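Counting from 1, one number per residue, gives the positions in the sequence shown under my numbering. We put the beta carbon where it would ideally sit given N, CA and C, even for glycine. Fair warning: this is a prediction, and the values are worked out from it, not measured in the lab. To start, the structure itself, in structure tokens.
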Amino acid sequence: LIGLALRARAAGTAAGLLVLALAYGLATGTHHVTIALAGPALLALAWAPLRARTNKRLLAGLALAGTLAAIAAYLYLPWAAARGRFPNWGDTRTLERVWWHVSGRQYQAFLSPSAASVGQEAAAFGRALLREFGPAWFPAALALAAAGSWAAWQRSRALFAALSLLVGLDLLYALLYTIAEDP
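This is how it looks when you write it as structure tokens:
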């Protein structure tokens, strides 16, 4: 999606924006929370061609295309579940179960934005960061991240904004989303 947004930005055409809208809509059928978190980053990248084309009919058409693609992705789920094939994500054979899947009902118990849970998730994130990069590599990882951020800032402010939004919103979500069985 980021690649499509960059291409739509470079081309500045309605066709590029339409492809992005369709792909974004289809992507909601897999990880709709992740896709929602990526939305602001994609908008930051696609803002220039959208602003240049402030045609209300185009914006409505893009919204409709994305929405229809999302509906198509979710209409596929009950059909796939009725066939009894693996994987049957969320057992979407009934309208109620489709709604549970779309609304993320099975995951809502894991969203617990309390100070204690956020602190626990932050500590777990710190442990995972040190485990992955280790004390010897941790400064190098931070230096590379800073260098990459600086390069993005110099190359394209929209790209820097998109990456900052993507990382920031994902980190916020990770701190608010607690899964008890994760170590």
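- Counting C-beta pairs closer than 8 angstroms gives three or more between the segment 15-26 and the segment 57-69, which meets the contact rule.
- Of the residues assessed, Gly66 falls on the buried side of the cut-off, its CB having 16 or more other CB atoms within 10 angstroms.
- For Asp170, the enclosing alpha helix (DSSP H) has its first and last residue at 157-176.
- The beta-carbon distance between Thr28 and Ala73, rounded to whole angstroms, is 6 angstroms. This is short enough to meet the 8 angstroms contact definition.
- With fewer than 16 other beta carbons inside 10 angstroms of its own, Leu129 counts as exposed.
- Three or more pairs of CB atoms, one per stretch, sit closer than 8 angstroms, so the segment 161-174 contacts the segment 34-51.
- Judged by their CB atoms, Trp100 and Gly84 are not nearer to each other than the 8 angstroms cut-off.
- According to the DSSP assignment, His31 belongs to no alpha helix (DSSP H), since it is labelled neither H nor E.
- Under the three-state reduction of DSSP, Arg93 is assigned to coil, being neither helix nor strand.
- Residues Leu22, Gly25, Leu26 of the same chain have their beta carbon placed closer than 7 angstroms to that of Ala69, with the five preceding and five following residues left out of the count.
- Selection Ala124, Gly12, Arg131, Ala152 evaluated against Trp47 yields Gly12 as nearest (Cα-Cα).
- Within its own chain, the residues whose Cβ lies closer than 7 angstroms to the Cβ of Ala44, once the five positions on either side in sequence are excluded, are Ala158, Ala161, Ala162, Leu165, listed in chain order.
- For Tyr74, the enclosing alpha helix (DSSP H) begins and ends at 56-82.
- DSSP places Leu1 outside both helix and strand once states are collapsed to three, so it counts as coil.
- Phe133 is positioned such that its CB atom lies no closer than 8 angstroms to that of Ala123.
- Judged by DSSP in its simplified three-state form, Ser114 adopts coil rather than helix or strand.
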